[in-house]
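Asker: Under the numbering used here, the very last position in the sequence shown is 273; numbers go up by exactly one each time. Every residue gets a Cβ at the ideal spot worked out from N, C-alpha and C, and that includes glycine.
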Amino acid sequence: MVDGIRDLAHKHRAVEDLPLRLGMTPTLAAYLSRYFNDLCAAAFPNVRMVIVEEYPIPLARMVEDKSIDMAFIARKSFDTIYEGSRQPMDFASLWLEPLYLGVRIGHPLARKNSIWAHEVPADILIRFDTSFGYDLEAKLPEASAATSDVTGIDVRSARFETVCRHVAQSDACTMINAIAAEQFKRDGFGLEFIPFDDEGNMRELGVLTRPEYPRPEVIKVMRDHILKAPPIGTVASRTTKNVLRPAPLTVQDTV
């Protein structure tokens with residue numbers, strides 16, 4: 019009852035009175051600030067936007083307890099979190115995003131136009147404990163106990179962008195999603211991006227909300243904008259097949 023009263027009061031306050039709190043994973047948060055700032059400036063010019071960076075499970079819990087309005091996560095993460103749940107949250111599909119293998123410029127693997135998952139050297143591949151939400155991840159070599167010694171970084175204490183910066187200065191390699199890859203290109207990050215030949219090289223991203231979220235019109239406006247103009251490097255999920263062959267991304271693409 020208290021939650022219902024709070025939601026009712028929330029609904030009848032002007033949109034401009036409330037900051038829009040968006041939850042995003044580490045592979046999205048640092049690279050979509052400009053995109054969502056522009057979106058909000060066009061649709062809700064007086065709304066303050068706050069990005070909250072976390073992993074999928076904590077983000078889902080934040081949506082549930084209303085500390086954030088919505089979270090952008092992979093469909094695969096959503097299915098895992100709410101598998102068997104009697105009252106799952108709402109999930110609206112937005113875009114499909116390719117996965118690349120990131121290596122430093124001049125790396126021997128950078129000579130390849132594309133790569134199969136089984137071709138990736140296990141001893142130099144840096145993997146994360148938290149899934150990115152790609153089916154392809156199951157085909158990549160398993161993480162090795164010796165990987166940190168070989169690559170020179172302990173992934174248990176490093177976040178996504180820290181690992182990417184390390185890869186740009188070493189012989190290691192790692193998985194990089196297209197949204198991050200596009201930003202790295204613009205920043206002259208020192209990485210090249212090799213597309214995978216395997217199926218499962220695309221992940222479905224969407225917005226997670228509570229079914230009783232008091233401002234559905236905000237979600238609709240955001241979703242309509244995203245479906246018409248998805249982030250650079252992605253494609254709207256409603257118009258794209260599940261498996262695409264992304265083009266190679268190289269430093270020359272920044273010209």
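Relative to the C-alpha of P232, which candidate in K84, F214, S255 has its C-alpha closest?
Answerer: The residue with the shortest Cα to Cα distance from P232 is K84.
Asker: Could you pull the DSSP bridge partners for I123 from this structure?
Answerer: In the DSSP output, where bridge partners are listed per residue, I123 has none listed.
Asker: Going straight from the alpha carbon of E14 to that of M107, what length do you get?
Answerer: With the chain represented from 19 up to 273, any question about residue 14 goes unanswered, as that position is not in the structure.
Asker: Are the beta-carbon atoms belonging to T165 and V181 less than 8 Å from one another?
Answerer: Against a cut-off of 8 Å, the Cβ pair of V181 and T165 comes out as no contact.
Asker: Is it a yes or a no for the stretch 193-211 touching the stretch 64-74, going by three-plus beta-carbon pairs under 8 Å?
Answerer: No: the two stretches stay apart, fewer than three of their Cβ pairs being nearer than 8 Å.
Asker: Which residues bound the beta strand (DSSP E) around R174?
Answerer: Premise fails: R174 is in no beta strand (DSSP E) and is neither H nor E.
Asker: At what residue ranges does the stretch 57-125 contain a whole run of the beta strand (DSSP E), taking only runs of 3 or more?
Answerer: Counting only runs of 3 or more, we get 67-71, 88-92, 108-122.
Asker: Of the residues R145, P63, V138, L154, which one's Cα is nearest the Cα of S175?
Answerer: Measuring from the Cα of S175, the nearest candidate turns out to be R145.
Asker: Identify whether R39 lies in helix, strand or coil by the three-state DSSP scheme.
Answerer: Reduced to three states, the DSSP call for R39 is strand.
Asker: Suppose contacts are defined by Cβ-Cβ distances below 8 Å. Is F150 in contact with A92 by that definition?
Answerer: It is a contact, given that the beta carbons lie within the stated cut-off.
Asker: Leaving out five residues on either side along the sequence, give the residues of the same chain with a beta carbon under 6 Å from the beta carbon of V253.
Answerer: Taken in chain order, the residues that qualify are L114.
Asker: Where does F150 sit, in a helix, a strand or coil, going by DSSP?
Answerer: Three-state result, F150: coil.
Asker: Note down, in chain order, each residue of its chain lying with its Cβ closer than 6 Å to the Cβ of F178, except the 5 sequence neighbours on either side.
Answerer: Closer than 6 Å at the Cβ level, and outside the excluded window around F178, lie P44, T45.
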